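*Asks:* Protein sequences appear in the order of chains A and B. FYI, the UniProt record's numbering numbers position 369 of the first sequence as 369, with every residue one higher than the one before it. FYI, the UniProt record's numbering numbers position 367 of the second sequence as 367, with every residue one higher than the one before it. Built from N, CA and C at the ideal position, the CB exists for glycine as well. Here the structure is a predicted model, which means the values were calculated and not measured.
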Amino acid sequence: MKDEILCNFWRCYLQKSKQAYCKRPAPETVKTLSVCESSTDVDSDPERPSLLHLLSLSESEGDLQTDCSFASSVSKVSESTSVYSGSVDGSLYLMKNQKEKLRMTMPMTLSFCYMALLWVREPITLSELLRYVVEGHIPYLNVFQHFPEKMKLCGLDLKIFCVESWPVYEEVFDQMHELAAFLDLPRFPDITESCFLHPDMLCMKYLMEANLPDELHIWTCRVVKKIGIGEVDFLTLVPGNKSTRKVKYDVLAVAVIVVVLKLLFLLDDHYEWLLSEYAEERNKNNTEGGPYFEFKKWYEVVKHSLDVKQKKLDEERAKYLWRCEKPLFYSVKNKSKVLKRRQMVVNLQNQFGKLSGSVQCAEKPNPSSFQLSWSEKNTDGSCFHGHSLKGVLQEKRGLLTAMNPDYWLCTVKLCNEKLCGHLAHYKEVEFPQSYHFVLGLFSFLLRVQPSYIHDEVCMIEHKLFNKKLYKKLKYNTVLRSKKD
Amino acid sequence: MDSFLEEEEEDEEAPTVVVAGKRRRRSHPAAQAALQPPLHLPFPPPQPVSSNEHKLNFKKSKEACLSYIQDALLQKQWKRAAEFLTCYVESLEKDYSREHIGPSEMIWRIGTEILWHHSQSSMKEFNCFMEQMKTLGVKRYLKVCLEHVFHLLCNGQIDEAYQNLSLAESWRFGEQTAIQDKEMKLIQAYRGLLDYYSWSKQKNILLEQGEDGFSDLAVEQEMHGYFRKAAVNLKEIIKIPGVWDIFVKCYVDLLEFYGDHNEARQVLNEYAYNSKFPANPNAHVYLYQFLKRQREPKKSLISALKILHDIVPSHELMIDFNTMLQKSKKRKKRRLGLEVIFAALDYAGWKENAKAWSCLARQVKQIVVSDKHLDWIKQEWNSRKDWWPAFHFSRYLAKRNWQEDKSLSYEKALVAGILLGKGCKYFKYVSHQGCKAQLKRFRMLKKFVNRHNLVYLKISGPPDSSVQP
Chain A
1 MKDEILCNFW
11 RCYLQKSKQA
21 YCKRPAPETV
31 KTLSVCESST
41 DVDSDPERPS
51 LLHLLSLSES
61 EGDLQTDCSF
71 ASSVSKVSES
81 TSVYSGSVDG
91 SLYLMKNQKE
101 KLRMTMPMTL
111 SFCYMALLWV
121 REPITLSELL
131 RYVVEGHIPY
141 LNVFQHFPEK
151 MKLCGLDLKI
161 FCVESWPVYE
171 EVFDQMHELA
181 AFLDLPRFPD
191 ITESCFLHPD
201 MLCMKYLMEA
211 NLPDELHIWT
221 CRVVKKIGIG
231 EVDFLTLVPG
241 NKSTRKVKYD
251 VLAVAVIVVV
261 LKLLFLLDDH
271 YEWLLSEYAE
281 ERNKNNTEGG
291 PYFEFKKWYE
301 VVKHSLDVKQ
311 KKLDEERAKY
321 LWRCEKPLFY
331 SVKNKSKVLK
341 RRQMVVNLQN
351 QFGKLSGSVQ
361 CAEKPNPSSF
371 QLSWSEKNTD
381 GSCFHGHSLK
391 GVLQEKRGLL
401 TAMNPDYWLC
411 TVKLCNEKLC
421 GHLAHYKEVE
431 FPQSYHFVLG
441 LFSFLLRVQP
451 SYIHDEVCMI
461 EHKLFNKKLY
471 KKLKYNTVLR
481 SKKD
Chain B
1 MDSFLEEEEE
11 DEEAPTVVVA
21 GKRRRRSHPA
31 AQAALQPPLH
41 LPFPPPQPVS
51 SNEHKLNFKK
61 SKEACLSYIQ
71 DALLQKQWKR
81 AAEFLTCYVE
91 SLEKDYSREH
101 IGPSEMIWRI
111 GTEILWHHSQ
121 SSMKEFNCFM
131 EQMKTLGVKR
141 YLKVCLEHVF
151 HLLCNGQIDE
161 AYQNLSLAES
171 WRFGEQTAIQ
181 DKEMKLIQAY
191 RGLLDYYSWS
201 KQKNILLEQG
211 EDGFSDLAVE
221 QEMHGYFRKA
231 AVNLKEIIKI
241 PGVWDIFVKC
251 YVDLLEFYGD
261 HNEARQVLNE
271 YAYNSKFPAN
281 PNAHVYLYQF
291 LKRQREPKKS
301 LISALKILHD
311 IVPSHELMID
321 FNTMLQKSKK
331 RKKRRLGLEV
341 IFAALDYAGW
351 KENAKAWSCL
361 ARQVKQIVVS
371 DKHLDWIKQE
381 WNSRKDWWPA
391 FHFSRYLAKR
401 NWQEDKSLSY
411 EKALVAGILL
421 GKGCKYFKYV
431 SHQGCKAQLK
441 RFRMLKKFVN
451 RHNLVYLKIS
461 GPPDSSVQP
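#1: Please list, in chain order, all residues of the same chain as B/E411 whose beta carbon is under 8 Å from its beta carbon, the five residues on each side excluded.
#2: Three or more C-beta pairs under 8 Å: does that hold for the stretch 449-469 of chain A against the stretch 254-263 of chain A?
#3: B/L146 and B/I187 look like a contact to me (Cβ under 8 Å); what is the Cβ gap, rounded to whole Å?
#4: What did DSSP end up calling B/K22 once you bin it into helix, strand or coil?
#5: For A/H134, which residues in the same chain have their Cβ closer than 8 Å to its Cβ, ignoring the five residues on either side in sequence?
#6: I'd like to check one pair, A/M115 with A/R245: are the Cβ atoms closer than 9 Å?
#7: Whole angstroms is fine: what's the gap from B/D260's alpha carbon to B/V232's?
#8: Using beta carbons (cut-off 9 Å, strictly below), is A/K319 in contact with chain B?
#9: Looking at the secondary structure, which residues open and close the alpha helix (DSSP H) in which B/C128 lies?
#10: Could you please tell me which residues of the UniProt domain "Rrn7/TAF1B N-terminal cyclin" (104-148) of chain A, in chain order, have their CB closer than 9 Å to any CB of chain B?
#11: List the residues that DSSP assigns as beta-bridge partners of A/Y292.
#12: Pull up the CB-CB distance for B/I418 and B/V369, whole angstroms please, since I reckon it's below 8 Å.
#13: Give a yes or no on whether 9 Å exceeds the smallest Cβ distance from B/Q132 to chain A.
#14: Could you pull out every unbroken alpha helix (DSSP H) segment of at least 4 residues lying fully inside the UniProt domain "Rrn7/TAF1B N-terminal cyclin" (104-148) of chain A, listed in chain order?
#15: Would you tell me roughly how many angstroms separate the C-alpha atoms of B/L454 and B/K365, rounded to the nearest one?
#16: Would you give the residue range spanned by the alpha helix (DSSP H) that B/W376 belongs to?
#17: Measuring alpha carbon to alpha carbon, tell me which of B/Q294, B/K239 and B/Y288 ends up nearest B/S275.
#18: Taking A/P107 and A/E164 to be in contact with their CB atoms under 8 Å, please state how far apart those CB atoms are, rounded to whole angstroms.
#19: When burial is assigned at 16 or more other CB atoms within 10 Å of the CB, is B/D310 buried or exposed?
#20: Does the Cβ of A/D184 have 16 or more other Cβ atoms within 10 Å, making it buried, or fewer, making it exposed?
#21: Closer than 9 Å, CB to CB, is A/V74 near chain B or not?
#22: With a threshold of 6 Å on Cβ separation, who are the neighbours of B/M318 within its own chain once the five nearest residues in sequence on each side are excluded?
#23: Checking contacts by CB at 9 Å: is B/E90 closer than that to chain A?
#24: Would you verify that the beta carbon of B/Q70 is, or is not, closer than 9 Å to some beta carbon of chain A?
#25: For the alpha helix (DSSP H) that B/L308 lies in, which residues bound it at each end?
#26: Going straight from the alpha carbon of B/E83 to that of A/K333, what length do you get?
#27: Taking the alpha-carbon positions, what's the A/E300 to A/R282 distance?
#28: Does DSSP put B/N57 in a helix, in a strand, or in coil?
#29: Taking just the CA atoms, how far does B/R295 sit from B/S460?
#30: Is A/K23 helix, strand or coil by DSSP?
#31: So, is B/N401 buried or exposed, given that buried needs 16 or more other C-beta atoms within 10 angstroms?
#32: Would you mind working out which of A/D200, A/V238, A/D269 and A/L197 sits nearest A/Y407, comparing C-alpha positions?
#33: From A/C221 to A/Y249, what does the alpha carbon distance come to, in whole angstroms?
#34: Leaving out five residues on either side along the sequence, give the residues of the same chain with a beta carbon under 6 Å from the beta carbon of B/F126.
#35: Using a Cβ cut-off of 7 Å, pull out every chain A residue sitting near B/H118, in sequence order please.
#36: Per the contact definition of three or more C-beta pairs closer than 8 Å, is the stretch 262-279 of chain A in contact with the stretch 224-244 of chain A?
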């Protein structure tokens, strides 16, 4: 089924972009994209390249500056000869009109992928998909290794297939929407409350991952309901519709959680610690039920884990190996030099590898949906899932309400997104440290910039406090007109 | 707060929405435009770099890798550095021709450090690595060769070093040879040095044999051969302005052995007095030592050391200098001698040097006894009377000097007694101890100082142009 979806998308694309030649080998080589619910299967994913067989005319972002100049000079010299490019029209493709944005690129393949996933409503968010790519579970870097023998890459194809940077969430996301519009797709299948991508479900997932009490889920559901982002119409993608805001499911869920935290704890570097002390006091006398949630303890535990993970991630990024055993070269002349270099690199790697001590790369761990995991069985009290929020709530008119009476808005007025691309501008020094920490936690989990999440938070807040703000502005304008 | 979430209409009871007072941000100018007549304000600059942080690409990844390597090296964590270097070597495959220091040079330098210090690496691996590095960059070929040779020498592998030097000397690569001229000269110079080393080995063999009674012609021939090779190269490098202490020494040694004293003298004079060469105290030392060996008259020795005194007043040869000057008949020279010895004792390194103190004591004693030229002492003492007492003649030092070195304390006590009078702490303590221990010379000392007690008044009297009441 997935087979057909991707295939159809691809055929549609080719048709739309008027590339009459699609060099498709026999259809049986196009196997299913087995990104299915059990995450272990993602590991065995050589099927991706079969999609890329079809993408013999893709193009990559030109990070290779020197290669660029070489490529352009070469293409001028020999437009028709296929000596300098493995594919027949690689040179022609590269010279094509720059304005046509929807040419195939490596990140574009990911947009295709994500679109298909969305269509099928798979329980994988875009941030997870990109994380799998970086961790190597989905072939992306050096994908030409998996190409069949007859597809020899050289010359200008290098510019297309040689990946020099990781895909960025924003780019893939935006491209996906453009693509959907370009292909004139109809409304996507509905995303209902039982679907994984619904904010309620995603909130639950992220709450678990962030080690926050399950009771917060009630609050997130309330916020979602209040501002109406749980509606089917809001969530489902309708391509081509410029008026609706594009929904980033994972970022949205995370932003909701942040807003809820702000509602309950205020996060102004002052109140949350007071509440925490108060909860600690109450905890001492608390004999029944679970312990009360203390912000301070949570902060300590999570910060520690986060720091460890972040450090590990930074080191992994620095140690990342970009090249593989199969070297690429521009031309036959270049080949010997490249091979010699490659040989030297391998020698040096061996030599120093022996000296690095017993660091052997372990088996690549299976892809997992969760980066941080907390187990209730741990006796050191580091899991906060079961904690109760009673410490920060109070009885009022028969309902449990937050003790915190205040709230601060991240920004008074939202920016015009079309002008500067953002709803709000985030500078770390202007916001409380706790807020920054929370943003940092979720930006680590999603591998996006904190400012990205901050934008969503602003958007939600404005929806939430819409009436208040509107009233205030109106009041201001009334005053002003009276003064004039 | 959450009543707000439940009901929509309860505006009156809902708490105030606080816009974080201190953290209020200015609204975007474009937003404010709605309230004012259109004003074309420039947009705030786009948020810098932070949006690229997560955008990991090859270059950034390698830069991060490099900084990890740097940290590990500074903390001497060789294993960790090796680990990261393994990942960094990939950048050889990418063209960085526009960078100031390219990856190949980085890898060469970092790899050398790691292999040199790592506990598990051997010379064999090191050599293998260096060979690879030589092929990596033509522009650095000679430099790499030279550094390799240094490492071999540090490890005691002289023959391999020699082989490498010869190999490097015969290297030709178009115009690179001309560009890397300096390194080539250095390589030749070091080869000359190694030739000298072989020569001296042969010389020693010959001398031993000579004692035993034979004389081996072959050894002699070899020795002469080495001499010729060494002489040529060493002579060349010495012509270039620079600091070539070791080369000069070896060359002079060769020349002296073969009796070419004129040439040696000329070389040393050039080295010491040619203004193109950087100021180098050692040059003067070598010249002085040579002249001494040649038994030159005192006059030339003194002139050789004078410049040394100007450059390095605390040099160890100052004692010899002072001794020569003291014995001189000329008044000026003796005056200079006093100056020299006072200047030398200004330095902390000389505080406990009994010989220096004895020189000073002798001269001071002589002046006091002859009662002439007290004004010399006065002049010298003028600038020192504020701080020498605490520096040299404190009570603590008196005790220590007495315990550790009695002759030192004797000399110092003499000087202190003359310069500060018999009432000064140092003299009192030492002479008391000395008399208690019934050492004859201390009793003599006491008598002497007592006799000349008023000298210190004359010495430390106010200077002639003083304004003290």
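*Replies:* Considering the structure as presented:
#1: A354, W357, S358, L360 and A361
#2: yes
#3: B/L146 to B/I187, Cβ: 6 Å. Contact.
#4: In this prediction, B/K22 scores a pLDDT of 37, lower than 50, which makes its location untrustworthy; the coordinate-derived value is nonetheless stated afterwards. Residue state, collapsed to three classes: coil.
#5: The amino acid at residue 134 of chain A is misidentified as His; the sequence shows Val. W166 and R447.
#6: no
#7: Rounded to whole angstroms, the gap between the alpha carbons of B/D260 and B/V232 is 15 Å.
#8: Closer than 9 Å: yes.
#9: From DSSP, the alpha helix (DSSP H) with B/C128 extends over M123 to L136.
#10: V134
#11: A/S388
#12: 11 Å between Cβ atoms; not a contact.
#13: yes
#14: Entirely contained in the UniProt domain "Rrn7/TAF1B N-terminal cyclin" (104-148) of chain A, the alpha helix (DSSP H) runs reaching 4 residues are, in chain order, 106-120 and 126-135.
#15: 14 Å
#16: L374 to N382
#17: B/S275 has its Cα closest to that of B/K239, out of B/Q294, B/K239 and B/Y288.
#18: Not a contact, Cβ separation roughly 12 Å.
#19: exposed
#20: By the 10 Å Cβ count, A/D184 comes out exposed.
#21: Here A/V74 scores only 35 on pLDDT, less than 50, and its place in the model is too uncertain to base an answer on.
#22: V340 and A344
#23: yes
#24: no
#25: K298 to I311
#26: 33 Å
#27: Cα to Cα, the separation comes out at about 19 Å.
#28: strand
#29: 41 Å
#30: The predicted model places A/K23 with a pLDDT of 36, which falls under 50 and marks its position as unreliable, so this point remains unresolved.
#31: buried
#32: A/D269
#33: 15 Å
#34: L115
#35: L355
#36: no
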